[in-house]
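In my numbering, the protein residues as written are 694 to 996. Only one structure is covered here, and it is reproduced in the block below.
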């Protein structure tokens, strides 16, 4: 089992450790370098900046995405470890040494986070170097990795961290992301990436106007799963939620006659009627579920 120890600051730890979040964003200020050290479900541990050479908690890797700070805030809010977007930007600018609007940051999205009280902090392994800036990957097959993992497991006993279905359910081939127990922020980012940052209906790729829409809302028993999501331009999302537009099980668009009857217009939207969705996830296991589509057709769409 491989896992990663990432370096973070005390403020991030203290802000998040007093909460009980289902997901958090371990962000990197650079916004250019990809994070490829882990696969989905792998363990990610938090190590404080020196001189506090301790491991203070962890979470389970969901996805890495590079996002402008305002979208990271829209998706995760205080789960970024700050109280406001302004505070998040101030920290980014401090680390980067420059003040730029809407800076891109690397978002390491983690589920099922856990934190240790100070009395249970774990000293870094003996092979940890003071020159490490961002973090280090370990393997449970190594002496240092096995020892560290055992200490973590001892501290989380009884917390339902390693025993949760999030960890124990092995993903099937091609279904890696579909088996997550997602939170709202993770859902938004995973749907955005699954659709390659383009609207499913229009192909629009201006990121600030794209929404991760639920096909079956959470309030109606829908899940935070990629198969229950569509990436839609904001106006298309509004029509979809209010029943003026739907998609069929063959992934064609249908626009209700009530749109024109109720509002006397809608020509630009009727142009999409009957057309195949131009943008769907490449991974077929991430495409909209037939069950969710039928629910929307029958319970929301104004046919």
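Note that the Cβ used here is the ideal one computed from N, Cα and C, for glycine as well. Remember, it's a predicted structure, so these values are computed and weren't measured experimentally.
Presumed contact (8 Å Cβ cut-off) between residue i and residue j, rounded CB distance
| i | j | result |
| --- | --- | --- |
| residue 736 | residue 696 | 4 Å |
| residue 965 | residue 894 | 6 Å |
| residue 720 | residue 799 | 7 Å |
| residue 764 | residue 900 | 7 Å |
| residue 698 | residue 740 | 5 Å |
| residue 969 | residue 942 | That pair is no contact at about 12 Å. |
| residue 710 | residue 770 | Not quite, the Cβ-Cβ distance comes to about 17 Å (not below 8 Å), so this is no contact. |
| residue 985 | residue 881 | Not confirmed; about 17 Å, so no contact. |
| residue 833 | residue 795 | Not quite, the Cβ-Cβ distance comes to about 40 Å (not below 8 Å), so this is no contact. |
| residue 718 | residue 773 | 5 Å |
| residue 889 | residue 907 | In fact, because the Cβ distance is near 19 Å, the residues do not count as touching under 8 Å. |
| residue 887 | residue 954 | About 34 Å; that fails the 8 Å criterion. |
| residue 817 | residue 748 | 6 Å |
Any C-beta of chain C under 8 Å from that of residue i
| i | result |
| --- | --- |
| residue 892 | Looking at the structure shown, chain C is missing, and only one protein chain is on hand. |
DSSP state of residue i mapped onto helix, strand, coil
| i | result |
| --- | --- |
| residue 770 | helix |
| residue 988 | helix |
| residue 790 | coil |
| residue 983 | helix |
| residue 716 | strand |
| residue 884 | helix |
| residue 947 | strand |
| residue 809 | coil |
| residue 710 | helix |
| residue 721 | strand |
| residue 940 | strand |
| residue 803 | strand |
| residue 753 | strand |
| residue 823 | coil |
| residue 931 | helix |
| residue 834 | coil |
| residue 978 | helix |
| residue 994 | coil |
| residue 956 | helix |
| residue 919 | helix |
| residue 784 | helix |
| residue 914 | coil |
| residue 859 | In this predicted model, residue 859 has a pLDDT of only 42, less than 50, meaning its place in the structure is not dependable enough to derive any value. |
| residue 850 | coil |
Residue i, buried or exposed, once every other Cβ within 10 Å from all chains shown has been counted against 16
| i | result |
| --- | --- |
| residue 892 | buried |
| residue 812 | exposed |
| residue 977 | exposed |
| residue 956 | exposed |
| residue 896 | exposed |
| residue 927 | exposed |
| residue 743 | exposed |
| residue 958 | exposed |
| residue 904 | buried |
| residue 974 | buried |
| residue 822 | exposed |
| residue 848 | buried |
Residue i - partner residues in DSSP beta bridges
| i | result |
| --- | --- |
| residue 844 | None; residue 844 has no bridge partner. |
| residue 748 | 740, 815 |
| residue 798 | 760 |
| residue 926 | 903 |
| residue 698 | 738, 829 |
| residue 969 | 945 |
Stretch pair the region 909-926 + the region 950-964: three plus CB contacts closer than 8 Å | Fewer than three Cβ pairs drawn from the region 909-926 and the region 950-964 lie within less than 8 Å of each other, which leaves the two stretches out of contact.
Examine the Cβ distances between the region 983-994 and the region 935-942 and report whether three or more of them are shorter than 8 Å.
-> In the pairwise beta carbon analysis, the region 983-994 is classified as touching the region 935-942: at least three pairs are separated by under 8 Å.
Could you tell me whether the region 748-761 touches the region 773-788, using the rule of 3 or more Cβ pairs below 8 Å?
-> Output reads no: the region 773-788 does not touch the region 748-761.
Does the region 744-755 come close enough to the region 789-807 to have 3 or more Cβ pairs within less than 8 Å?
-> Taking 8 Å as the limit for Cβ pairs, the verdict is that the region 789-807 does touch the region 744-755.
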